[in-house]
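A.B. asks: Pasting a structure here, questions to come.
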Ligand code: BES
Ligand code: MN
Ligand code: ZN
């Protein structure tokens, strides 16, 4: 999707469709009487332009566009406009409308129009949001909306918006807006790159293929990339990673991507570590058949790190970053590890395997330790790590864990800027009891209660005193249902926050 900025007046622009946002300005009444009628929505355009306002006035006044966000009304041949159509899209309550909502509205506009055979349109930036922030949100949201994962359907329509024009407000700094649009384009495309990787089923996205895709991306963007196999994993004494890999006929891949821009200070070195389980059967502690097909997305954390490295390579912040993905299948076989086995991680920590389905923390244990050995001073990992985080936070917020408050604050700020929802969960010392073993240092499964925390407590052992963030994206990396702004399937969650976070370190 090509993106251009325009500063012309909407009426003058030739386009297949203009898009304007309508917001509801009605005060919601705190009237609990059963008979109380809902106040009529008071829709007003979020665009200041007088011509757009007058051409849509009747439609808004008639209440044909209800106040629910993402509802649409399409006007053909709007009088006095060069545009063929005008799409009005509801953004919900004016009071609550932020760039978070704007991203979604832009995505919903893309999905509405591309389904109607339209290939290019012009989006009028709303006046209530600072111009740069609005441009970012529109570009990122539109790219997210433009993605559909129906790759292997014979009737694939491959509907896409090819060109997006953003009508920005004329008095903004044009260069700053162009820069915002360019950066947002890189970020949105990288998010879709990640979603591409996650979409692929496990027979088409083996650890080797994931490594090849990372290599290709690194070649294209000028990153250094190494992909190691079983020999190197054993040589490094990654006993935790190998304990998962040993059960599969597919060779594992340890992917290391390095971004070292000229002029970056020696420190910090940021380490992005991703769980890359290309299929999680559970191993000998095998999962039930129902829904197991979804476990092809158990490499979403790894794919997110590869996509984030792509964005970083193209955005060129002046800070060193190392991306590490521990990729393997988790399979039952005659060579697979068994419950009760004891494994020695690269750090020397001994681990009693209680449940072979708690494999993500095993591969990450060695990934995190290795990142520190490579000199990382700050660590972030992303993983579809536990079903328990879905119980705790549902499909709305990703779980975020931190061993360092300053690191958390920085990441939280990045979340806000990126428009991604994450919620912090605790790591109190008391939880340590849950991962104690009688035979070894720790167990790999702390049981059901507080399952997402137990998993994070396990990882914390390997981050040691390095400032570290753990993102449990099990509930958010995959959209169970399509939404007006996004297709069903991989979401690409966390990539935008990661990129904002990395940028925050750049001088
Ligand atoms: N990949 C799963 C977690 C998962 C569950 C991701 C649902 C996405 C959706 C992980 O490897 C796993 O199996 N975790 C176990 C841990 C348990 C055995 C301690 C879980 O959550 O049940
Ligand atoms: Mn598992
Ligand atoms: Zn898993």
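Residue numbers (my numbering): 592 to 1098. Backbone N, C-alpha and C fix where the C-beta goes; we use that ideal spot for every residue, glycine too.
1) Looking only at its own chain, which residues have a Cβ that is under 7 Å from the Cβ of residue 945, when we skip the five neighbours before and after it?
2) Run through the DSSP bridge pairs and tell me what residue 920 is partnered with.
3) Run through DSSP, which three-state label would residue 625 get?
4) How many whole angstroms separate the CB atoms of residue 890 and residue 796, which I take to be in contact at a CB cut-off of 8 Å?
5) Measuring from each Cβ to the nearest heavy atom of ligand 1, keep the ones under 5 Å and list them in chain order.
6) Can you check which of these residues, 790, 787, 716, is closest to residue 760 by C-alpha distance?
7) CB of residue 868 to nearest heavy atom of ligand 3: below 7 Å?
8) For a quick check, are the C-beta atoms of residue 752 and residue 677 less than 8 Å apart?
9) Can you confirm whether residue 786, when its beta carbon is compared against all beta carbons of chain C, has any partner nearer than 8 Å?
10) Nearest to residue 947 by CA position, among 786, 982, 831, 711, is which residue?
11) Can you tell me whether residue 616 is helix, strand or coil according to DSSP?
12) What residue from 821, 899, 844 has the CA that sits closest to residue 850's CA?
13) Does the beta-carbon distance from residue 740 to residue 799 come in below 8 Å?
14) Give the straight-line distance between the Cα atoms of residue 977 and residue 866, rounded to the nearest whole angstrom.
15) Comparing the CB of residue 1045 with every heavy atom of ligand 3, is any distance shorter than 7 Å?
16) Report all residues from its chain with a CB closer than 6 Å to the CB of residue 782; omit the five preceding and five following residues, and keep chain order.
17) Rank 1077, 841, 895 by C-alpha distance to the C-alpha of residue 975 and give the top, closest one.
18) What would DSSP say about residue 892, mapped onto helix, strand or coil?
19) Using a Cβ-Cβ cut-off of 6 Å (strictly less than) and excluding sequence neighbours within five positions of residue 877, which residues of its own chain qualify?
20) Decide if residue 688 is buried, meaning its Cβ has at least 16 other Cβ atoms within 10 Å, or exposed.
21) Under a Cβ-count criterion, where at least 16 other Cβ atoms within 10 Å of its own Cβ denotes burial, should residue 1052 be classed as buried or exposed?
22) Does the region 605–613 come into contact with the region 766–775, if we say contact requires no fewer than three beta-carbon pairs (one atom in each stretch) closer than 8 Å?
23) When every heavy atom of ligand 3 is checked, does at least one fall within less than 7 Å of the C-beta of residue 573?
24) Suppose contacts are defined by Cβ-Cβ distances below 8 Å. Is residue 708 in contact with residue 692 by that definition?
25) Is the separation between the beta-carbon of residue 534 and that of residue 940 shorter than 8 Å?
26) How about residue 970 and residue 862: are their beta carbons less than 8 Å apart?
27) Would you check if there are 3 or more beta carbon pairs closer than 8 Å linking the region 903–916 to the region 836–850?
28) For residue 1001, I'd like the list of residues in its chain whose CB is within less than 8 Å of its CB, leaving aside the five on either flank, ordered along the chain.
29) For residue 833, which residues in the same chain have their Cβ closer than 7 Å to its Cβ, ignoring the five residues on either side in sequence?
30) For residue 697 and residue 981, I'd like the C-alpha separation in whole angstroms.
31) Who are the near neighbours of residue 642 in its chain, counting only those whose CB is closer than 8 Å to its CB and skipping five residues on each side?
C.D. replies: So, to answer that:
1) 930, 1034, 1035, 1036
2) 870
3) Note that residue 625 has pLDDT 45, beneath the 50 cutoff, so the model's placement of it is unreliable and no number is given.
4) 7 Å
5) 871, 889, 946, 948, 949, 951, 975, 977, 978, 1036, 1065
6) 716
7) yes
8) no
9) Looking at the structure shown, chain C is missing, and only one protein chain is on hand.
10) 831
11) coil
12) 899
13) no
14) 12 Å
15) no
16) 1083, 1086
17) 895
18) helix
19) 923
20) buried
21) buried
22) no
23) No answer is possible for residue 573: it lies beyond the span of the chain, which begins at 592 and ends at 1098.
24) no
25) Shown here, the chain extends from 592 to 1098; a query on residue 534 therefore has no answer.
26) yes
27) yes
28) 1092, 1095
29) 824, 825
30) 27 Å
31) 600, 601, 602, 671, 672
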